[in-house]
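The block underneath contains the structure these notes are about, expressed in structure tokens.
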Ligand code: UDX
């Protein structure tokens with residue numbers, strides 16, 4: 383099939399490459415010339431494991447090209463909208479400028495029978511509004527909402543082998559013409575048994591925000607338990623292991639630590655609350671306010687614990703922060719709890735050095751006032767305290783004896799509860815986890 387993908391960020395670049403991998407002819411379109419130049423040269427404009435290899439592989443087949451020219455969408459039968467929906471400045475709601483601009487820019491290039499497929503995370507009601515625009519331009523075209531659930535760091539695998547497909551079509555019917563078109567697009571994963579659900583537009587939009595809200599709630603639930611464990615002298619990691627053995631609960635997304643960040647969960651729960659308010663259903667989501675505040679409290683807690691570890695004062699203390707990305711295997715620092723903690727510590731008088739295998743260029747753009755060192759060994763030199771805030775493998779594998787020879791005090795705060803406390807304590811370190819004795 384001939385496919386256009388509008389928006390070549392984390393979602394669109396991966397989607398375009400994966401659609402070409404599935405055998406389609408794909409054109410990726412973005413307004414950012416630098417991004418398009420990089421992608422055309424098979425270079426990923428961000429770090430995502432496996433993406434560059436995939437770009438090289440599919441570009442060599444001639445099935446994938448990139449351009450800034452929206453007119454190149456003409457001739458494709460399926461047009462994916464993959465642009466970002468960031469949080470509005472100074473408000474909780476989602477900024478739909480890019481989704482609207484992408485759709486309006488695409489309209490002159492669609493033909494009868496085409497389908498426009500929204501993948502961006504949007505407030506419920508957006509699909510119906512965009513569907514009207516599509517139909518006004520071309521009554522023979524259709525708009526489908528097909529939310530994306532990919533995780534950064536696993537984006538290629540999540541796109542090629544998703545847990546499920548959701549197709550939101552105007553009448554919510556399996557018989558809708560657009561359903562068989564999308565079935566052709568996804569024929570490879572569908573044939574290997576990936577389930578797919580057909581819904582109406584609002585249900586499909588809500589599936590995405592509901593899923594992210596559930597994940598955020600699960601993380602804040604275990605972080606609330608961590609607060610309790612600290613008060614009661616219990617161990618939240620063992621508690622999570624035990625409750626996670628109940629199938630109904632499950633152990634995934636029950637890792638207590640410094641909380642969630644990134645370009646999705648924080649802004650998605652806020653946009654969801656804002657939209658619920660507009661719909662007169664704000665009471666239904668007031669619990670998400672608590673989910674958000676438990677999450678933000680984690681950051682303050684880490685600053686306080688670091689002060690405790692530094693004998694009551696941060697002034698002049700050398701703090702090394704291991705990890706800047708919002709999670710490992712990503713260079714994304716959007717709403718990264720690690721960086722936000724580093725910045726708060728610096729504001730309170732600590733001398734902070736941040737290290738990370740991939741995210742330092744992005745981190746330096748966001749917080750130019752922090753000191754960065756890409757060499758782990760150099761970054762820990764003469765530190766008064768280490769903070770492990772992003773659980774990259776290389777930090778999990780640090781040797782407490784070797785690191786101990788470089789720092790000035792053997793103190794570590796494990797913000798992801800990922801190290802073995804006995805191992806570090808027996809090497810002479812003062813080890814603190816979150817929600818652990
Ligand atoms: C998320 C959703 O998982 C994905 O389905 C959706 O499409 C986009 O948003 P992503 O933002 O890539 O994906 O990250 P995710 O793996 O969900 O992690 C989010 C944050 O939660 C990270 O900061 C991570 O460190 C944190 N987290 C995750 C925890 O603190 N504890 C956990 O147990 C799991």
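In the working numbering, the protein residues as written are 383 to 819.
For every residue, glycine included, the Cβ atom is placed at its ideal position computed from N, Cα and C.
Just so you know, these numbers come straight off a predicted model, no measurement behind them.
{"query": "If we require 4 or more residues per run, which alpha helix (DSSP H) segments fall completely within the region 623-682?", "result": "647-660"}
{"query": "Grouping DSSP H, G and I as helix and E and B as strand, with all else coil, what is residue 500?", "result": "strand"}
{"query": "What first and last residue would you give for the alpha helix (DSSP H) that runs through residue 540?", "result": "537-542"}
{"query": "Looking at C-beta atoms only, is the number of pairs between the region 633-642 and the region 675-694 that lie closer than 8 angstroms three or more?", "result": "yes"}
{"query": "Whole alpha helix (DSSP H) runs in the region 788-817 with 4 or more residues, listed along the chain?", "result": "803-808"}
{"query": "Can you round the beta-carbon distance between residue 529 and residue 571 to whole angstroms, since I take them to be within the 8 angstroms contact cut?", "result": "Between residue 571 and residue 529 the Cβ distance is about 15 angstroms, and since that is not below 8 angstroms, they are no contact."}
{"query": "For a test of your reading of the model: does the CB of residue 533 fall under 7 angstroms from any non-hydrogen atom of the ligand UDX? Yes or no.", "result": "yes"}
{"query": "Going by beta carbon distance, what residues of the same chain come within less than 7 angstroms of residue 761, once the five residues before and after it are set aside?", "result": "702, 735, 737, 755"}
{"query": "Start and end of the alpha helix (DSSP H) containing residue 573?", "result": "569-573"}
{"query": "Compute the Euclidean distance between the alpha carbons of residue 757 and residue 739, then round it to the nearest angstrom.", "result": "8 angstroms"}
{"query": "Buried or exposed: where does residue 486 fall if 16 or more other Cβ atoms within 10 Å of its Cβ makes it buried?", "result": "exposed"}
{"query": "Can you name the start and end residues of the alpha helix (DSSP H) that residue 722 belongs to?", "result": "719-729"}
{"query": "Is the number of C-beta pairs between the region 601-614 and the region 521-538 that are closer than 8 angstroms three or more?", "result": "no"}
{"query": "Which runs of the alpha helix (DSSP H) at least 4 residues long sit entirely within the region 736-794? Give them in chain order.", "result": "742-748, 758-762, 775-778, 782-786"}
{"query": "Is residue 820 helix, strand or coil by DSSP?", "result": "Residue 820 cannot be examined here, being either before or after the span of the chain that is shown, 383 to 819."}
{"query": "Closest to residue 522 by C-alpha separation, out of 558, 554, 504, 658, would be which residue?", "result": "558"}
{"query": "Report the three-state DSSP secondary structure of residue 555 (helix, strand or coil).", "result": "coil"}
{"query": "Alpha carbon to alpha carbon, how far is residue 708 from residue 476? Give it in angstroms, no decimals.", "result": "20 angstroms"}
{"query": "How about residue 741 and residue 781: do their beta carbons lie closer than 8 angstroms?", "result": "no"}
{"query": "Among 498, 818, 777, 399, which has the Cα closest to the Cα of residue 616?", "result": "818"}
{"query": "Look at the Cβ atom of residue 504, then the Cβ atom of residue 525, and state whether they are nearer than 8 angstroms.", "result": "no"}
{"query": "Under 8 angstroms, with one C-beta from each stretch per pair, do the region 439-450 and the region 693-701 reach the 3-pair mark?", "result": "no"}
{"query": "Could you check whether the region 784-797 touches the region 806-816, counting it as contact only if at least three pairs of C-beta atoms, one from each stretch, sit closer than 8 angstroms?", "result": "yes"}
{"query": "Can you give me the C-alpha to C-alpha distance between residue 573 and residue 567, rounded to a whole angstrom?", "result": "11 angstroms"}
{"query": "Given the structure, does residue 530 come close to the ligand UDX, in the sense that its CB is under 7 angstroms from one of the ligand's heavy atoms?", "result": "yes"}
{"query": "Using the DSSP secondary-structure output, state which residues sit across from residue 550 in a beta bridge.", "result": "527, 581"}
{"query": "Taking Cβ to Cβ, would you say residue 385 is nearer than 8 angstroms to residue 465?", "result": "no"}
{"query": "Report the three-state DSSP secondary structure of residue 708 (helix, strand or coil).", "result": "coil"}
{"query": "Compare the Cα-Cα distances from residue 492 to each of 731, 516, 676, 533 and report the closest residue.", "result": "516"}
{"query": "Between which two residues does the alpha helix (DSSP H) harbouring residue 511 extend?", "result": "508-519"}
{"query": "Output yes or no for whether 8 angstroms exceeds the beta carbon distance between residue 748 and residue 769.", "result": "no"}
{"query": "Over what stretch of residues does the beta strand (DSSP E) that includes residue 391 continue unbroken?", "result": "First-last for residue 391: undefined, no H or E at that position."}
{"query": "Which of the three DSSP states is assigned to residue 463 in this structure?", "result": "strand"}
{"query": "If the criterion is Cβ atoms closer than 8 angstroms, does the pair residue 434 and residue 426 meet it?", "result": "yes"}
{"query": "For residue 553, does the count of other Cβ atoms within 10 angstroms reach 16, so buried, or fall short, so exposed?", "result": "exposed"}
{"query": "Given a threshold of 16 other Cβ atoms within 10 Å of its Cβ, counted over all protein chains shown, does residue 675 qualify as buried or as exposed?", "result": "exposed"}
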